[in-house]
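Everything on this sheet refers to the single structure shown next.
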Amino acid sequence: MAHSLAMSYSQMGVKRSLLTLVRVNQKQGFDCPGCAWPEGEHRSPAEFCENGAKAVAEEATLRRVTRDFFAEHAVSELAGRSDYWLGQQGRLTEPMYKPAGSDHYEPVAWDEAFSIIARELRALESPDEALFYTSGRTSNEAAFLYQLLVRRFGTNNLPDCSNMCHESSGSALTQTLGIGKGTVSLDDLHKADLIFVVGQNPGTNHPRMLSALEKAKRNGARIVAVNPLPEAGLLRFKNPQKASGVAGRGTKLADRFLQIRLNGDMALFQALSKLMLEADDANPGSVIDHEFVETHTHGFHDFEKNVRELEWEDVEEATGLPRTAVEETVQDVLAAKSVIVCWAMGLTQHKNSVATIREVVNFLLLRGNVGRPGAGVCPVRGHSNVQGDRTMGIYEKPSAAFLDALRDEFGFEPPRRHGADAVESIRALRDGQAKVFVAMGGNFVSATPDTAVTEAAMRRARLTVQVSTKLNRSHAVCGEQALILPTLGRTERDGDRFVTVEDSMGMVHASRGRLAPASPDLLSEVAIVSRLAGRLFEQDGASGIPWERFEADHDAIRDRIERVVPGFDDFNERVRRPGGFALPNAPRDERRFPTDTGKANFTANALDVLRLAPGRLLLQTVRSHDQYNTTIYGMDDRYRGVHNGRRVVFVNPDDLAERGIADGELVDLVSEWPDGERTAEGFRVIAYSTARGCCAAYFPETNVLVPLDSTADTSNTPTSKSVVVRLERHAAAAG
Numbered sequence: 001m002a003h004s005l006a007m008s009y010s011q012m013g014v015k016r017s018l019l020t021l022v023r024v025n026q027k028q029g030f031d032c033p034g035c036a037w038p039e040g041e042h043r044s045p046a047e048f049c050e051n052g053a054k055a056v057a058e059e060a061t062l063r064r065v066t067r068d069f070f071a072e073h074a075v076s077e078l079a080g081r082s083d084y085w086l087g088q089q090g091r092l093t094e095p096m097y098k099p100a101g102s103d104h105y106e107p108v109a110w111d112e113a114f115s116i117i118a119r120e121l122r123a124l125e126s127p128d129e130a131l132f133y134t135s136g137r138t139s140n141e142a143a144f145l146y147q148l149l150v151r152r153f154g155t156n157n158l159p160d161c162s163n164m165c166h167e168s169s170g171s172a173l174t175q176t177l178g179i180g181k182g183t184v185s186l187d188d189l190h191k192a193d194l195i196f197v198v199g200q201n202p203g204t205n206h207p208r209m210l211s212a213l214e215k216a217k218r219n220g221a222r223i224v225a226v227n228p229l230p231e232a233g234l235l236r237f238k239n240p241q242k243a244s245g246v247a248g249r250g251t252k253l254a255d256r257f258l259q260i261r262l263n264g265d266m267a268l269f270q271a272l273s274k275l276m277l278e279a280d281d282a283n284p285g286s287v288i289d290h291e292f293v294e295t296h297t298h299g300f301h302d303f304e305k306n307v308r309e310l311e312w313e314d315v316e317e318a319t320g321l322p323r324t325a326v327e328e329t330v331q332d333v334l335a336a337k338s339v340i341v342c343w344a345m346g347l348t349q350h351k352n353s354v355a356t357i358r359e360v361v362n363f364l365l366l367r368g369n370v371g372r373p374g375a376g377v378c379p380v381r382g383h384s385n386v387q388g389d390r391t392m393g394i395y396e397k398p399s400a401a402f403l404d405a406l407r408d409e410f411g412f413e414p415p416r417r418h419g420a421d422a423v424e425s426i427r428a429l430r431d432g433q434a435k436v437f438v439a440m441g442g443n444f445v446s447a448t449p450d451t452a453v454t455e456a457a458m459r460r461a462r463l464t465v466q467v468s469t470k471l472n473r474s475h476a477v478c479g480e481q482a483l484i485l486p487t488l489g490r491t492e493r494d495g496d497r498f499v500t501v502e503d504s505m506g507m508v509h510a511s512r513g514r515l516a517p518a519s520p521d522l523l524s525e526v527a528i529v530s531r532l533a534g535r536l537f538e539q540d541g542a543s544g545i546p547w548e549r550f551e552a553d554h555d556a557i558r559d560r561i562e563r564v565v566p567g568f569d570d571f572n573e574r575v576r577r578p579g580g581f582a583l584p585n586a587p588r589d590e591r592r593f594p595t596d597t598g599k600a601n602f603t604a605n606a607l608d609v610l611r612l613a614p615g616r617l618l619l620q621t622v623r624s625h626d627q628y629n630t631t632i633y634g635m636d637d638r639y640r641g642v643h644n645g646r647r648v649v650f651v652n653p654d655d656l657a658e659r660g661i662a663d664g665e666l667v668d669l670v671s672e673w674p675d676g677e678r679t680a681e682g683f684r685v686i687a688y689s690t691a692r693g694c695c696a697a698y699f700p701e702t703n704v705l706v707p708l709d710s711t712a713d714t715s716n717t718p719t720s721k722s723v724v725v726r727l728e729r730h731a732a733a734a735g
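Here it is in structure tokens:
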């Protein structure tokens, strides 16, 4: 807490920090611009975590980026700066335009900026030559209008940050449970007997989750942590919301730590299911919930046959765990009446991620651990409204039902052809098939894989547009023409209007900023979308959509959302209630599974053990503790003992000894793929207690190593947690 307050004071000053932080995640305050973890019971005036405080400080900073800054710094110079340096310059203050052939941004009036975008969009041969990206911080209202503009324009090219994180979760859960979201509430987490935390680092990525786990522990839950890296928050948690939490050694959250090999999670859950089936064989009816399986599921026999044929040699090789560790873990499962499995990107960014998450569902279905209190699936989303954006229609593969509702409400025929996701968008830019790129927030260049390919692709665009609060690398790696459109942050007032967001567990609530805008020239995201739409469609006279009213009256937007998106009945009335409201969730609320079979689907998934050539390691990209997504707050990672640097690689000491590399040496990381090798140079080796055969390094510095074509089956998510690399001594060090 002291660290986050120190950063807040340096960015905002003492008075502004105190006035702002007491409004974070409060009923009459604003939603944290960081993670999507639920807000809880609002019992504390400090309903924020360390990284939440950092996110607020970055947004509410007193530092400003003005036209003088852009006159002083060329775009080519900014492209050579680090993400950290760019972010530290402060808030953007007015629209800026880089003309074709120029190396500088210059001021531009809002009306002219919208005219430039409209001109370039109208000049395209097809609407599909435009790409419209969305980050997870965009509000429900802005996201709904954005997808409406895009579909009114005539394309479904709506890539978003979900494509790079939890797309695998949505794909697997839609196939198996009929809904691409989790099935648990915060109260369920408190009631669980056993909680698996898999491929996830709550201490850094969503620290408020640790308070929920602490409460579950007090209520008698056991927690199993499954991760290649020991994560400090799970092993020892000091709750900053309580004096008792700060003093002493803290609370040990994880009762069991399974230090699994990267990509071994599928084998682990198959093995747990196999042991449960065998335990039921020994004592029929005592383990498997046969009534639930018979009544509510489909495909059990194919699943059972597949799992019973599992070989323990494959399990041990895939997981790196001894059989005894798995057998001991299944005893925890058998003793628990209710089980929740939580996961994040440690599960979603492998080639077999969708199949792995299907195995998690299989494991839970065996004992009926879906659709009852204290049990279910819990994919923990990252960015604050990434789940809400998808609910609002930010999706390149919309359902026919959603498009029909949009048509009936707004009187135009939306395009039916599926659009491009994030990876496909990069390919389209690379190949000259897309010419305009518009981003509603985010830092696409730093968030995506295969950095050299992505940057070259972006520079081929005729026009790139970034709607942003702060400077980032996507402003410096841009198209022939480029626009920066500065927008209000979540902390800032937008007249008397408020917006809404959906958290990771399907709760929708209001968010109202309290600070004066960083500049009088800022527009809200809703205003930017509405004015662009007004300019884009003014000549054809066929829009029939009241864009000006939407800008002035957000209730009018919510009225339309209510009529298009299921679950938003009485939206304006319910969202004004303290705490908001829960969206319907058929598996959780009714034990109903809206799949093709009408039941929850067991699946049979082939286990392919990932075997590496001699001398190779499996790399996972991770965040540091002073980081949120691509935003770098500082150069330290005190949870892992790293100070004043980010170009580090964590490697097991035995793997280093095997390669004759010493702790502290400089190495190059070289990834291998059929189209060639990729290199990230100059990383300091840190001997670390990671799983054998595995290593870890921070993104975005190692995104260069992730091949664009290395993606998860079905979801097309980049495989940022399964990169085959070798370590080579850095040339300067070797010399």
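Just so you know, we're using this note's numbering here: the sequence shown kicks off at 1 and counts up by one. We treat Cβ as the ideally placed atom computed from N, Cα and C, and that holds for glycine. Here the structure is a predicted model, which is why all the values come from computation and not from measurement.
Cutoff 6 Å; reference residue i; Cβ partners in own chain excluding five residues on either side
{"i": "G634", "result": "D626"}
{"i": "N472", "result": "L86, N443"}
{"i": "A680", "result": "L669, T702, V704, L705"}
{"i": "F196", "result": "V224, V341"}
{"i": "G411", "result": "G544"}
Reference residue i; option with closest CA among the options
{"i": "Q481", "options": "M505, S524, V436", "result": "V436"}
{"i": "I528", "options": "N605, G441, H475", "result": "G441"}
{"i": "R647", "options": "R611, L666, R122", "result": "L666"}
{"i": "I651", "options": "V380, I661, G388", "result": "Checking the displayed sequence, the identity of residue 651 turns out to be Val instead of Ile. It is I661."}
{"i": "I117", "options": "G90, V150, K215", "result": "V150"}
{"i": "N605", "options": "K351, H104, L536, T251", "result": "K351"}
{"i": "L62", "options": "E525, R659, L515, S722", "result": "L515"}
{"i": "R218", "options": "A254, N227, P228, D559", "result": "A254"}
{"i": "P674", "options": "P159, V724, A375", "result": "V724"}
{"i": "F683", "options": "V649, D663, D709", "result": "V649"}
{"i": "A60", "options": "E72, Y84, L92", "result": "L92"}
{"i": "F153", "options": "G676, E317, E125", "result": "E125"}
{"i": "E548", "options": "L532, I561, M266", "result": "L532"}
Bounding residues of the beta strand (DSSP E) (the contiguous stretch that carries residue i)
{"i": "W673", "result": "666-673"}
{"i": "T464", "result": "463-468"}
{"i": "A687", "result": "676-687"}
{"i": "T376", "result": "Per the sequence shown, the amino acid found at residue 376 is Gly instead of Thr. Looking at the DSSP string, the run of the beta strand (DSSP E) that includes G376 is 376-379."}
{"i": "L277", "result": "From DSSP, L277 is part of no beta strand (DSSP E) but of the alpha helix (DSSP H) over 265-282."}
Cβ shell of residue i (< 8 Å), same chain only, five flanking positions each side left out
{"i": "E94", "result": "T66, R67, P107, P486, S519, D521"}
{"i": "F269", "result": "T356, E359, V360, N362, F363"}
{"i": "S286", "result": "A279, D280"}
{"i": "K15", "result": "With a pLDDT of only 48 at K15, under the threshold of 50, the placement of this residue in the model should not be trusted; the figure read from the coordinates follows. Correct list: empty, nothing qualifies."}
Helix, strand or coil at residue i [DSSP, three-state]
{"i": "M392", "result": "coil"}
{"i": "H625", "result": "coil"}
{"i": "C695", "result": "strand"}
{"i": "V642", "result": "strand"}
{"i": "D421", "result": "coil"}
{"i": "M505", "result": "coil"}
{"i": "A746", "result": "Lying before the first or after the last residue shown, residue 746 is absent from the chain, which here runs from 1 to 735."}
{"i": "Y97", "result": "strand"}
{"i": "Q481", "result": "strand"}
{"i": "V108", "result": "coil"}
{"i": "E728", "result": "strand"}
{"i": "I661", "result": "coil"}
{"i": "Q739", "result": "Outside the shown range of the chain, which is 1 to 735, sits residue 739, and nothing can be said about it."}
{"i": "F257", "result": "strand"}
{"i": "Q200", "result": "coil"}
Endpoints, the alpha helix (DSSP H) within which residue i is located
{"i": "K215", "result": "208-218"}
{"i": "T736", "result": "Residue 736 lies beyond the stretch modelled for the chain, which goes from 1 to 735, so this question has no answer here."}
{"i": "T630", "result": "Run containing T630: none; DSSP gives neither H nor E here."}
{"i": "A225", "result": "No alpha helix (DSSP H) holds A225; the beta strand (DSSP E) holding it covers 222-226."}
Close-in-space but distant-in-sequence residues of the same chain around residue i (CB under 7 Å, 5 per side omitted)
{"i": "R308", "result": "K274, L277"}
{"i": "G506", "result": "K181, A582, L583, N585"}
Neighbour flag for residue i against chain C, beta carbons, 7 Å
{"i": "E573", "result": "Going by chain labels, chain C is absent from the structure shown, which holds only one protein chain."}
Problem - beta strand (DSSP E) segments (min. 3 residues) lying fully within the segment 287-345 - result: 339-343
Problem - Within the segment 114-169, ranges of the beta strand (DSSP E) (whole runs, at least 3 residues) - result: 130-134
Handout entry: In chain order, each beta strand (DSSP E) run of at least 3 residues that lies wholly inside the segment 485-538
Key = 499-502, 507-511
Handout entry: Contiguous alpha helix (DSSP H) assignments of at least 4 residues, all confined to the segment 586-623
Key = 586-590
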